[in-house]
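Engineer: In the working numbering, the protein residues as written are 792 to 1112.
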Ligand SMILES: Cc1cc2nc3c(=O)[nH]c(=O)nc-3n(C[C@H](O)[C@H](O)[C@H](O)COP(=O)(O)O)c2cc1C
């Protein structure tokens, strides 16, 4: 997620949800923020965007997400990600924001199915380094303006032989204004199953459902109901780096604030010279909820511009808590 899943955010999940602990963790995959292919493949742009491709070994498996609309740039960007040792590359065909749509990229590709295919094939061609082939996946929506577009769109993508297809269960037009339509995820699974003759064929495209998941349990329930291979969680994980743990781990208010400061400090250390500390505010909002005094504390944290300031506001709160 843009200005969310940066190095510090992902490192917090690696630390608190178990990825990297004894190798396998709890079976979740992390994605970078989406990164523009034109920028990434330009020498000056690369200097600015390299920080978005930084990861630690703890964060594996880690997928680089890229966006753009020129196949040759996808080829080069995928090669960069492969050479940097990423575990996969994901193509964004779902972002509904006007800036990206205006450039004919992201969800605008739903209306350019031929170009979408060319982009996937170019990405696959580029996603190789030292003989190692990286899986290529796509993240998209049900359709541009109607969910009835889903079947044709999904078939178009499946025909390119992608490793995984993440479907945000809304159309571009719906933005995030209506509840996610999980019935459509079930239909997409059926389309995939028919395409592979209902066999558990090795290498068949995994279908990942996405939209409105608030807990690990809810995610597992969606998998059961729809038959999808996994779920993607976005907003539900804000302020909960322990989200993917399977042991019911919960934290009290003081402990949450300690984790929040750890996150803020990590952001400051790793990204402080590249990104505005203001980005941390959306995380503060998520960490500070559900305990006494959270509302007032949150209001103060919405004004912070530095880690030092954040630390002193939290220290002040803890004196009275
Ligand atoms: C702040 C923000 C930034 C996002 N950035 C991206 C992005 O860079 N790439 C992407 O595929 N989706 C992005 N999304 C969309 C989410 O991945 C997800 O599809 C959407 O929020 C629905 O899932 P949820 O209900 O679990 O949040 C973003 C969402 C938010 C709220």
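Positions of the beta carbon are idealized from the N, C-alpha and C atoms, including for glycine.
Whose C-beta lies closer than 6 Å to the C-beta of residue 908 among residues of the same chain, with five residues either side of it excluded?
Structural biologist: 951
Engineer: Measuring alpha carbon to alpha carbon, tell me which residue in 892, 1028 and 1078 is nearest residue 1047.
Structural biologist: Checking every option, the nearest Cα to that of residue 1047 belongs to 1078.
Engineer: Check whether the Cβ of residue 941 lies closer than 7 Å to any heavy atom of ligand 1, and answer yes or no.
Structural biologist: no
Engineer: In three-state DSSP terms, what is residue 1038?
Structural biologist: coil
Engineer: Just how far apart, CA to CA, sit residue 1096 and residue 986?
Structural biologist: 52 Å
Engineer: Starting from residue 822, trace the beta strand (DSSP E) in both directions and tell me its first and last residue.
Structural biologist: In this chain, the beta strand (DSSP E) harbouring residue 822 covers 821 to 827.
Engineer: Counting Cβ pairs, one atom from each stretch, are 3 or more of them under 8 Å apart for the segment 823 to 838 and the segment 857 to 874?
Structural biologist: Yes: the two stretches touch, three or more of their Cβ pairs being nearer than 8 Å.
Engineer: For the beta strand (DSSP E) that contains residue 955, what are its first and last residues?
Structural biologist: 955 to 959
Engineer: With which residues is residue 892 paired in a DSSP beta bridge?
Structural biologist: For residue 892, which the question treats as bridged, DSSP gives no partner whatsoever.
Engineer: Quick check on residue 1067: does DSSP put it in helix, strand or coil?
Structural biologist: In the three-state reduction of the DSSP assignment, residue 1067 falls in the coil class, being assigned neither a helical nor a strand state.
Engineer: How would you call residue 932, buried or exposed, if buried means at least 16 neighbouring beta carbons within 10 angstroms?
Structural biologist: buried
Engineer: I need the boundaries of the beta strand (DSSP E) containing residue 902, first residue and last residue.
Structural biologist: Counting along the chain, residue 902 falls outside any beta strand (DSSP E), and DSSP gives it neither H nor E.
Engineer: Using the Cα positions of residue 1008 and residue 927, report the straight-line distance between them to the nearest angstrom.
Structural biologist: C-alpha separation (whole angstroms): 28 Å.
Engineer: Regarding residue 801 and ligand 1, is the C-beta to nearest heavy atom distance less than 7 Å?
Structural biologist: Relative to the non-hydrogen atoms of ligand 1, the Cβ of residue 801 never comes closer than 7 Å to any of them.
Engineer: Where does residue 943 fall in DSSP's three states?
Structural biologist: The DSSP-derived three-state label of residue 943 is helix.
Engineer: I'd like the span of the beta strand (DSSP E) that includes residue 881, first residue to last.
Structural biologist: 879 to 884
Engineer: Identify the continuous alpha helix (DSSP H) that holds residue 803 and give its terminal residues.
Structural biologist: 798 to 808
Engineer: Could you tell me how far apart the beta carbons of residue 1056 and residue 1098 are, in whole angstroms, since I believe they sit closer than 8 Å?
Structural biologist: Residue 1098 and residue 1056 do touch by the CB rule: their CB atoms are close to 6 Å apart, below 8 Å.
Engineer: Expressed to the nearest angstrom, what Euclidean distance is found between the alpha-carbon atoms of residue 1112 and residue 1084?
Structural biologist: Straight-line spacing of the CA atoms in residue 1112 and residue 1084 works out to 8 Å.
Engineer: Excluding five sequence neighbours on each side, which residues of the same chain lie with their C-beta closer than 6 Å to the C-beta of residue 1190?
Structural biologist: An answer regarding residue 1190 cannot be provided, because it is not within the stretch 792 to 1112 covered by the chain.
Engineer: Answer yes or no: the CB of residue 856 versus the heavy atoms of ligand 1, is any distance below 7 Å?
Structural biologist: Closer than 7 Å to some heavy atom of ligand 1: that describes the Cβ of residue 856.
Engineer: Is residue 1021 near ligand 1, with its Cβ less than 7 Å from a heavy atom?
Structural biologist: no
Engineer: Tell me the rounded alpha-carbon separation between residue 929 and residue 1027.
Structural biologist: 21 Å
Engineer: In the DSSP assignment, the beta strand (DSSP E) including residue 1010 goes from what residue to what residue?
Structural biologist: First-last for residue 1010: 1007 to 1017, but that is the alpha helix (DSSP H), not the beta strand (DSSP E).
Engineer: Just mark residue 1064 as buried or exposed, buried being the case when its beta carbon has 16 or more other beta carbons within 10 Å.
Structural biologist: exposed
Engineer: Taking just the CA atoms, how far does residue 913 sit from residue 863?
Structural biologist: Each residue's alpha carbon lies about 7 Å from the other.
Engineer: On the CB-based measure, 16 or more other CB atoms within 10 Å of its CB, does residue 831 come out buried or exposed?
Structural biologist: Classification of residue 831: buried, given that the 10 Å Cβ count is 16 or more.
Engineer: Evaluate contact between the segment 1030 to 1045 and the segment 798 to 810, counting only Cβ atoms and requiring at least three cross-stretch pairs below 8 Å.
Structural biologist: yes
Engineer: Given 7 Å as the limit, tell me if residue 959 has its C-beta closer than that to any heavy atom belonging to ligand 1.
Structural biologist: yes
Engineer: If you measure between the beta carbons of residue 882 and residue 911, is that distance less than 8 Å?
Structural biologist: yes
Engineer: DSSP puts residue 855 in a beta bridge; with which residues?
Structural biologist: 880
Engineer: Can you tell which of 996, 1018 and 1022 has the C-alpha that lies nearest to the C-alpha of residue 1005?
Structural biologist: 1022
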